[in-house]
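J.: Numbering (my numbering), first residue to last: 161 to 879. Glycine residues also receive a C-beta, built at the ideal position from the N, C-alpha and C atoms.
1. Excluding five sequence neighbours on each side, which residues of the same chain lie with their C-beta closer than 7 Å to the C-beta of residue 540?
2. Tell me the DSSP secondary structure of residue 250 in three-state form.
3. Could you spell out where the alpha helix (DSSP H) holding residue 782 opens and where it closes?
4. Relative to the alpha-carbon of residue 320, which residue among 363, 271 and 372 has its alpha-carbon at the smallest distance?
5. Are the beta-carbon atoms of residue 393 and residue 538 separated by less than 8 Å?
6. Taking buried to mean at least 16 other C-beta atoms within 10 Å of its own C-beta, is residue 457 buried or exposed?
7. Just curious, the beta strand (DSSP E) that residue 867 is in, first and last residue?
8. Can you check whether the CB of residue 824 is closer than 8 Å to the CB of residue 706?
9. Given a threshold of 16 other Cβ atoms within 10 Å of its Cβ, counted over all protein chains shown, does residue 617 qualify as buried or as exposed?
10. Expressed to the nearest angstrom, what Euclidean distance is found between the alpha-carbon atoms of residue 317 and residue 377?
11. Quick check on this structure: which residue in 682, 346, 868 and 687 has the alpha carbon closest to the alpha carbon of residue 880?
12. Would DSSP call residue 630 helix, strand or coil?
13. So, for residue 182: in the same chain, excluding its five sequence neighbours on each side, which residues have a beta-carbon less than 8 Å away from its beta-carbon?
14. Could you please give me the residues that DSSP links to residue 275 through a beta bridge?
15. Mind checking which residues open and close the beta strand (DSSP E) that includes residue 494?
16. List the endpoints of the continuous beta strand (DSSP E) containing residue 352.
17. For the ligand SAM, I want to know if residue 275 counts as a neighbour, meaning its beta carbon is within less than 7 Å of at least one of the ligand's heavy atoms.
18. Just how far apart, CA to CA, sit residue 356 and residue 345?
19. If we count the other Cβ atoms within 10 Å of its Cβ and call it buried at 16 or more, is residue 495 buried or exposed?
20. Have a look at residue 554 and residue 509 and give me their C-alpha separation to the nearest angstrom.
21. Just the C-alpha distance for residue 491 and residue 332, rounded to the nearest angstrom, thanks.
22. Is it buried or exposed, residue 834, if we count other Cβ atoms within 10 angstroms and call 16 or more buried?
23. Report back the beta-carbon spacing between residue 386 and residue 325 to the nearest angstrom; my notes put them in contact at under 8 Å.
24. Kindly list the residues whose CB is nearer than 8 Å to the CB of residue 691, restricted to its own chain and excluding five residues on each side of it in sequence; keep chain order.
25. Which word fits residue 627, buried or exposed, when buried means at least 16 other C-beta atoms lie within 10 angstroms of its C-beta?
26. Just verifying my parser: in three-state terms, what is the DSSP assignment at residue 194?
27. Return the CA-CA distance between residue 786 and residue 583, expressed in angstroms with no decimal places.
28. What residues are listed by DSSP as bridge partners for residue 415?
29. Which residue wins for smallest C-alpha separation from residue 339, given the options 270, 731 and 878?
30. Give the range of the beta strand (DSSP E) segment to which residue 120 is assigned.
31. Using 8 Å for Cβ pairs, my map puts residue 522 next to residue 389. What's the rounded Cβ distance?
32. On the DSSP bridge list, what partners appear for residue 645?
33. Check whether the Cβ atoms of residue 248 and residue 274 sit closer than 8 Å, and answer yes or no.
34. List the endpoints of the continuous beta strand (DSSP E) containing residue 122.
35. Can you check which of these residues, 772, 773 and 836, is closest to residue 783 by C-alpha distance?
36. When the Cα of residue 137 is compared with those of 640, 435, 779 and 549, which residue comes out closest?
Here's what the structure looks like:
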């Protein structure tokens, strides 16, 4: 072009060239997605780098017209946006001029940045802003191959058009400076012919207008190349992308991801002798169907769709745009889009399950982390129009990729898992959590599959509790606990799940006329389980620390009884030592032997060898009534034990400690808590911790209440 160019700065870093720029954009979090999966997947990123938090437009925006800097020689040809106005202002001939008032200058673009150009008269070619190539030669390659006059080019030239082409270029909206080209297209074969116009996106919402475009064909290809606003971080893309649209109604034609994806399939259908309008409608339906979106009879053409709108197709377009971008850079996104378009080309079906699963995995990350709101906020913050219900179609893609049955009223509430091995959310079975803890529920309200909440997936199949305040661990999150309370399951607090109260707290709550007998398991022992086995160094430390906590509550002397085993004696001794008590009675009590409930030790040994060990056998006896041939009746033997302990009250102090064994305490706790103690090892691998047991609180009138107690952080341990 024979003109003197005033080339403005590229967007990034523009403000460093002159004063007066301000940032009017708000920062936004980048979205990438995942919940509680143990597998490696994209995780929502709360700390987006600063350079990602703003759009290029933010660095070129002033608050109002009065804030525009002086239009001097140093700023000639450069531009700025004014907040709230879609078109930029250019510094030309000593004043700031709106883009719509370009009587003496033209606007063009290069490498995703705008350029202001002094207008040249009598130039053969029209300027770039208005588009059109009036001198482009006519191309005779048009016509119907089945037309009898096909060999006569003069009879094959269609009417063509002379008109303005306008539309919106969107991935997110293309940023001003994106370049636009228009090519003639053979409507019978889809062949792309000569370029007939070019121009630029100059509005900050992606709109473009190409004036006085002449084409010898009714159909054209509109191609847009440039940076775009990302719905995932709210700012500008790192790299430019190219999207295209083919249209035979070019006066108003948007360019978006759907118009781009349909082109190869349209070409294939043209080869199958479909006319172009029928081919386009079919291709658009097939591309939407690839993402689980069923088009109705009201479906507009892809060139009429816009990500800003309240209709279903706006929602679907925004969802597809986000899904293709999710977790990828621009090159990866376009490779995926182009490969997808080629996949659909042959038979109208997306046949690659691996890519579907990768996209679904990313969506699950968004869903499970509640990050749809980030995308919605980012798009809303552009203030370019309403944000449609894109979440619906993103969730709708999940069952399509994972092969779930449709979510209907008949299966509402069903919870399932991903059995596709390619997915980071794969699970071997419902309760297997080594790979992923993510599960999916058919939501009756949404009529869609979504990521299940913890209690939804963990309590599946629980039904009614066996008793009020029953504790069960989660089916998927095995470290979570749930309590049956007032006829329904809820998440249990740590205290409720454990069910044991710290010993010093119980001691501190005693009334002056009450007595307490703490019957507890010995402290941590060595591997020697015989009668002479000792405590470990930690076991000694734990017992002394318990004594010190008791001393902080009161200074009275305690009575101590033990089972005759070295480790139980050492436990009592070290509690007394930690308490600072030197004058105390330590009595061996035969009733505290761990074999109190045993009727036939040989049978118990046999059952232990076949049924998962002694802990499984003792807990199943205590809580399920099993092995009646090997154990005494739980109720009778427990009441006998309590009676004998109470019978020894005359030898004890107001507060007494009895150090015994888990094989006595687990059945006793099952009895005094009426089966509520969370010690069903045979079922959930829960067992009694060291220094845990039960407190017998005896009132002045002889009544007894029982409190499960602990001397360590928890009263139970999971093996």
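T.: Judging by the given coordinates:
1. 547
2. strand
3. 774–784
4. 372
5. Between residue 393 and residue 538, the gap from beta carbon to beta carbon is short of 8 Å.
6. exposed
7. 864–870
8. no
9. buried
10. Any reading at residue 317 must be qualified, since the residue scores a pLDDT of 40, below 50, and its modelled position is unreliable; no value is offered.
11. There is no way to answer for residue 880, as the model of the chain reaches only from 161 to 879.
12. coil
13. Residue confidence for residue 182 is low, a pLDDT of 31 falling below 50, so the modelled location carries little weight; the figure read from the coordinates is stated next. Answer for residue 182: 221, 222, 223 and 227, listed in chain order.
14. 268
15. Per DSSP, residue 494 belongs to no beta strand (DSSP E); it is in the alpha helix (DSSP H), 490–507.
16. 352–360
17. In terms of ligand content, the structure shown is empty, and the ligand SAM therefore cannot be addressed.
18. 11 Å
19. Residue environment analysis places residue 495 among the exposed positions, since fewer than 16 neighbouring C-beta atoms fall within 10 angstroms of its C-beta.
20. 19 Å
21. 16 Å
22. Exposed, by the Cβ-count rule.
23. Taking a contact as a CB-CB distance under 8 Å, the pair residue 386 and residue 325 does not count as one, their CB atoms being some 17 Å apart.
24. 724, 725 and 726
25. exposed
26. The predicted model places residue 194 with a pLDDT of 35, which falls under 50 and marks its position as unreliable; any figure quoted below should be read in that light. Judged by DSSP in its simplified three-state form, residue 194 adopts coil rather than helix or strand.
27. 43 Å
28. According to DSSP, residue 415 bridges with 329.
29. Of the listed residues, the one whose Cα sits closest to residue 339 is 270.
30. Not covered by the structure: residue 120. The range shown for the chain is 161 to 879.
31. Going by Cβ atoms, the distance from residue 522 to residue 389 rounds to 20 Å, so no, they are not a contact pair.
32. 648
33. yes
34. Any question about residue 122 goes unanswered here, given that the chain covers just 161 to 879.
35. 836
36. Nothing about residue 137 can be read from this structure; the chain reaches only from 161 to 879.
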